[in-house]
């Protein structure tokens, strides 16, 4: 029972979510439930009056006054039935509308939290467990909880009235009514707790089944699965995972079913004893037939209501357990936070970007991506960052954008530590071409516009021109209005290199003083790379441009090249100066030249 009250602490937060999503509908829903809770009382009393009036009509040999009284009561019962049906229909509509609003509201909260947490969360299996449980349960559990509370309210009102009706037949009867339902209540709470524990324990298995399903059905995996013949392998893995989950679920269901049988037998024993006692009183003439009908309806309805009421409490407990997953997810707090008093950023970068003694390790690893790292980038420069895989090149952009904060040292923009700047303001001054850019299933124009949704439409074509994407777009069936990708009907797929050009246009769309391009030419052929280099310098004039690349033929166009190895800058200079130095850069250039031959 203690666990029940501990878990029900989620109820106020859930009600607040429901109120935020559908306040007016919630008021209408409560009114409808109260009305429906009171109507069965009228039905019970009208049933007694109908039975007694029928007896009177038979006793008087069909006297018109007695018959008329019976007809009036029957019409009254018909009106109650009609009103009950109308209210039920209205409740169904209100509940459906409320459910849709609540689902959308909670989905919005999950999306907002997912978009705001640190990138570090996405590198943690525990985060994915939280996200999976929140997404799997949160969209329907609040609606189920609303139904539970609604049933509690409606059935509670009716049960109180039925209990009052039973008291004249014997004060022990209401207690017998409640006692008969306690076994079912215990079974429901115990089953809810076991289901929640099982759900928590099998989250990883559930995620595995989702993962195998994604592998087998997603378009990006289709070619490789067919080439290597992996379809049967992953299908077997999916079926094996589902078999383990199915077996556990069926064992739980079997255990609950057996417990419910025993609880039902106990309930039947208590209720049959109470009914037998009242029938015996009727045989002895202590109560009338109408009273017997009243008792039967009141006790039978009361039994069902009490059982439903306690089952509702058990379901409340279960839904509160699962809603705890949602609230745990929504309670996740980012470690990269806004400063208490953000400093304003100048409109343009006038001096430099500087890394001072920066040390950083990705969460969950002891290996330093950067160790006491120093680097200064001056305004107006095109800077190339080169180095082997794992040297820490891409880490620079993640730290500069404050996706992470370093463990030691500071990163400064115009002499101001970025931790003192507003995160939104900082990121608005940076535009990035990511190594694996998003391929939005939207029009070509929208794919570019997403780089600066506050920008002018006329800037879209200019950005495309600067990125060398205008010719690609103009060759599409509907030009800039062509839907890209194959997610939706009439979409046009692009090559990897063409998608990269579109992403570059999106990067250039934002009028940011700092541009960071991570492997901007990785999908370009040599001719496209030369064309890109010719346009790029003009496109970034007056901005700081940082190019992170493995390709020395791309790096050679930069004003300054910094070579990174083991989290440190080991060489800096122009292309020609680094070749003369004969260091790591010269060795890499020679290796790429030999490979090209």
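In the numbering used here, the protein residues as written are 20 to 616.
Here a beta-carbon is modelled for each residue, glycine too, at the ideal position from N, C-alpha and C.
Limits of the unbroken alpha helix (DSSP H) element including residue i
i           : result
residue 403 : First-last for residue 403: 401-405, but that is the beta strand (DSSP E), not the alpha helix (DSSP H).
residue 127 : 83-135
residue 390 : Taken as a continuous stretch (DSSP letters only), residue 390 belongs to no alpha helix (DSSP H), being part of the beta strand (DSSP E) at 387-397.
residue 375 : Looking at the DSSP string, residue 375 is not in any alpha helix (DSSP H); the run it does join, the beta strand (DSSP E), is 371-380.
residue 234 : 222-236
residue 464 : 463-468
residue 518 : 515-528
residue 489 : 489-493
residue 477 : 477-486
residue 412 : 412-419
Close Cβ partners of residue i (< 7 Å) along its chain, the five nearest in sequence each way excluded
i           : result
residue 463 : 492, 495, 499, 501, 503, 521
residue 227 : 260
residue 414 : 379, 388, 389
residue 608 : 571, 598
residue 232 : 257
residue 400 : 563, 578, 579
residue 33  : 161, 164, 342
residue 37  : 45, 121, 161, 165
residue 454 : 413, 537, 538
residue 21  : Residue confidence is low: residue 21 scores 47 on pLDDT, short of 50, so the model does not pin down where it sits. Its coordinate-derived value is still stated next. Here the set comprises nothing.
residue 85  : 72, 75, 76, 79
residue 39  : 124
Residue i versus the options, residue with shortest Cα-Cα distance
i           : options            : result
residue 395 : 148, 581, 439      : 581
residue 139 : 254, 57, 425       : 425
residue 524 : 276, 479, 516, 419 : 479
residue 529 : 420, 571, 482, 517 : 482
residue 132 : 119, 154, 117      : 154
residue 531 : 406, 444, 459      : 444
residue 89  : 574, 67, 438, 101  : 67
residue 147 : 32, 460, 255, 351  : 351
residue 557 : 539, 517, 484      : 484
residue 617 : 219, 611, 575      : Nothing about residue 617 can be reported from this structure: the residues present for the chain run from 20 to 616 only.
residue 210 : 271, 165, 255, 234 : 271
residue 343 : 280, 507, 216      : 216
residue 393 : 30, 127, 39, 585   : 585
residue 408 : 74, 538, 251, 384  : 538
residue 58  : 111, 47, 37, 96    : 96
residue 384 : 359, 142, 240      : 142
residue 438 : 360, 105, 251      : 360
residue 398 : 534, 135, 94, 248  : 534
residue 357 : 234, 434, 345, 440 : 440
residue 113 : 606, 605, 43, 104  : 43
residue 447 : 252, 472, 103      : 472
residue 219 : 255, 347, 280      : 347
Sequence-distant residues of the same chain with beta carbon closer than 6 Å to residue i, five excluded per side
i           : result
residue 417 : 423
residue 137 : 353, 354, 355
residue 536 : 452, 566
residue 431 : 373
residue 110 : 51
residue 406 : 412, 582, 583, 584
residue 62  : 99
Beta-bridge pairing of residue i - partner residues as DSSP gives them
i           : result
residue 578 : In DSSP, residue 578 forms no bridge with anything.
residue 537 : 567
residue 77  : DSSP lists no partner for residue 77.
residue 557 : Answer is none; residue 557 lacks a bridge partner.
residue 583 : 588
residue 503 : 511
residue 440 : 362
residue 435 : 432
8 Å CB neighbourhood of residue i in its chain, flanking five on each side removed
i           : result
residue 115 : none
residue 602 : 582, 589, 590
residue 264 : 221, 224, 225, 228
residue 470 : 450, 482, 524, 525, 526, 527, 528, 529
residue 35  : none
residue 510 : 460, 502, 503, 504
residue 611 : 570, 571, 572
residue 2   : No answer is possible for residue 2: the residues shown for the chain start at 20 and end at 616.
Residue range of the beta strand (DSSP E) that includes residue i
i           : result
residue 142 : Here residue 142 belongs to no beta strand (DSSP E), and DSSP marks it neither H nor E.
residue 587 : 587-592
residue 431 : 427-432
residue 449 : 449-452
Integer Cβ distance of residue i from residue j, believed to fall under 8 Å
i           : j          : result
residue 169 : residue 52 : 5 Å
Any non-hydrogen atom of the ligand NAD within 6 Å of residue i CB
i           : result
residue 374 : As far as ligands go, the structure on display features none, and thus does not contain the ligand NAD.
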